[in-house]
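What follows is one structure encoded as structure tokens, with my remarks underneath.
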Amino acid sequence: MVHKRKSEESARAGGRRHVEASWPGKKSEEQLDRYLLESPQPDVTHTDVWRVLRIQSEFVSGFGTLSSTGPAVAVFGSARTDPDSPYYKQAYRVGELLAKAGVTTITGGGPGTMEAANMGSADAEGISIGLGIELPFETGLNAWVNKGINFRYFFVRKTMFVKYSQGFIVLPGGFGTLDELFEALTLVQTQKITSFPIVLLGTEYWGGLVQWLKDTVARERCISETDLDLFTVTDDPDEAVQIVLNAGRAASRRPSMDRS
Ligand SMILES: C/C(=C\CNc1ncnc2c1ncn2[C@@H]1O[C@H](COP(=O)(O)O)[C@@H](O)[C@H]1O)CO
Numbered sequence: 001m002v003h004k005r006k007s008e009e010s011a012r013a014g015g016r017r018h019v020e021a022s023w024p025g026k027k028s029e030e031q032l033d034r035y036l037l038e039s040p041q042p043d044v045t046h047t048d049v050w051r052v053l054r055i056q057s058e059f060v061s062g063f064g065t066l067s068s069t070g071p072a073v074a075v076f077g078s079a080r081t082d083p084d085s086p087y088y089k090q091a092y093r094v095g096e097l098l099a100k101a102g103v104t105t106i107t108g109g110g111p112g113t114m115e116a117a118n119m120g121s122a123d124a125e126g127i128s129i130g131l132g133i134e135l136p137f138e139t140g141l142n143a144w145v146n147k148g149i150n151f152r153y154f155f156v157r158k159t160m161f162v163k164y165s166q167g168f169i170v171l172p173g174g175f176g177t178l179d180e181l182f183e184a185l186t187l188v189q190t191q192k193i194t195s196f197p198i199v200l201l202g203t204e205y206w207g208g209l210v211q212w213l214k215d216t217v218a219r220e221r222c223i224s225e226t227d228l229d230l231f232t233v234t235d236d237p238d239e240a241v242q243i244v245l246n247a248g249r250a251a252s253r254r255p256s257m258d259r260s
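The numbers in the sequence shown follow full-length UniProt numbering, run straight up by one, and end at 260.
Dropping the structure here:
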């Protein structure tokens, strides 16, 4: 069982959380952000141009805050995972193991799986980063993040996950988790990033998707058979962490791993 109260107190009392950048965002601003992703409309097109500066500043702020990040692994999974769920406990264990190995845990900074991984890391005295996202329904960073940033743009935030982590461990999740998983798979498949381990934790949960990738996606030649080797599936958090750490060590012996 995880020690939620103890760790909440230690995270809060120690004042270790450091939220670097946050944009509270008025409603009208949020609406304009939504327009950015919609088809061009005459009355807001000119604001898109100015919005680029806002996007740019989010990149600058993210790079600035995270540039000192040491070895790190990103942990993903459902925002809705209940503390009683076995997935929650697994995420906690992943964070704990990473911290014990001297590796930073990076999550989306939200509830559920993210909270569990951040808690496991914080309880083991690790560096526990949360890359939060501004949402119409505000959830805020969880209490176990000791270094946090709030992003407005998902695509800026996703760049940070890839740039500052050595691999992804992905627990059961919904659209958000699948988005993060498939972004990484696409980047590795297209060799935009190399030596990037991706581990799926939960054979039962991921089994159907993996089978579909094999039986339909690969068979229809929408991916190649070798693309199925770009990820590993396990039920063991220790093995998941080991796979990512071993791959990281192997990569660090190679001359270049530039993800800029
Ligand atoms: C839905 C709820 C809260 C949402 N809060 C989030 N905070 C931070 N990051 C989030 C949040 N929701 C999704 N994410 C990102 O996507 C992944 C989880 O998405 P899923 O659809 O739940 O699988 C996660 O890894 C985050 O990076 C309150 O229930």
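Yeah, the Cβ is synthetic: ideal placement off N, Cα and C, and Gly gets one too.
Note that the structure is predicted; figures quoted are calculated from it, not measured.
Phe196 versus Leu53: straight-line alpha-carbon distance, rounded
Distance between the alpha carbons of Phe196 and Leu53: 31 Å.
Count the other CB atoms within 10 Å of the CB of Leu178; is the residue buried (16 or more) or exposed (fewer)?
Taking a 10 Å sphere around the C-beta of Leu178, we find fewer than 16 other C-beta atoms and assign the residue as exposed.
Which residues DSSP lists as bridging Ile198, in chain order
DSSP, once it has assigned bridges, lists Phe168 as partnering Ile198.
Given 8 Å as the limit, is there contact between the segment 109 to 125 and the segment 77 to 92, that is, 3 or more CB pairs closer than that?
The segment 109 to 125 is in contact with the segment 77 to 92.
Where Ala72 sits in the DSSP three-state scheme
Three-state result, Ala72: strand.
Burial state of Leu185, where buried means 16 or more other Cβ atoms lie within 10 Å:
Per the 10 Å Cβ criterion, buried.
Close Cβ partners of Ala247 (< 7 Å) along its chain, the five nearest in sequence each way excluded:
Here the set comprises Gly167, Ser195, Pro197.
Using three-state DSSP, classify Leu131 as helix, strand or coil.
Assigned with DSSP and collapsed to three states, Leu131 falls in strand.
Coarse secondary structure for Thr190, derived from DSSP in three states:
Correct three-state label for Thr190: coil.
Whole-angstrom C-beta distance between Pro172 and Ser78, which should lie under 8 Å:
Contact holds; Cβ gap of about 6 Å.
Per DSSP, the bridge partner or partners of Phe151:
Paired residue(s): Ile133.
For the 8 Å Cβ check, are there 3 or more pairs between the segment 101 to 117 and the segment 62 to 74?
With the cut-off at 8 Å, the segment 101 to 117 and the segment 62 to 74 touch.
Tell me which residues share the same chain as residue 290 and place their Cβ nearer than 6 Å to its Cβ, disregarding the 5 neighbours each side in the sequence.
The shown model of the chain, from 1 to 260, leaves out residue 290, and the question about it has no answer.
Report yes if the CB atom of Gly132 is closer than 8 Å to the CB atom of Phe151, and no otherwise.
Yes.
For Lys192, is the classification buried or exposed, using 16 other Cβ atoms within 10 angstroms of its Cβ as the cut-off for buried?
Looking at its Cβ environment, which holds fewer than 16 other Cβ atoms inside 10 Å, Lys192 is exposed.
Could you tell me if Asp123 is buried or exposed, where buried requires 16 or more neighbouring beta carbons within 10 angstroms of its beta carbon?
Buried, by the Cβ-count rule.
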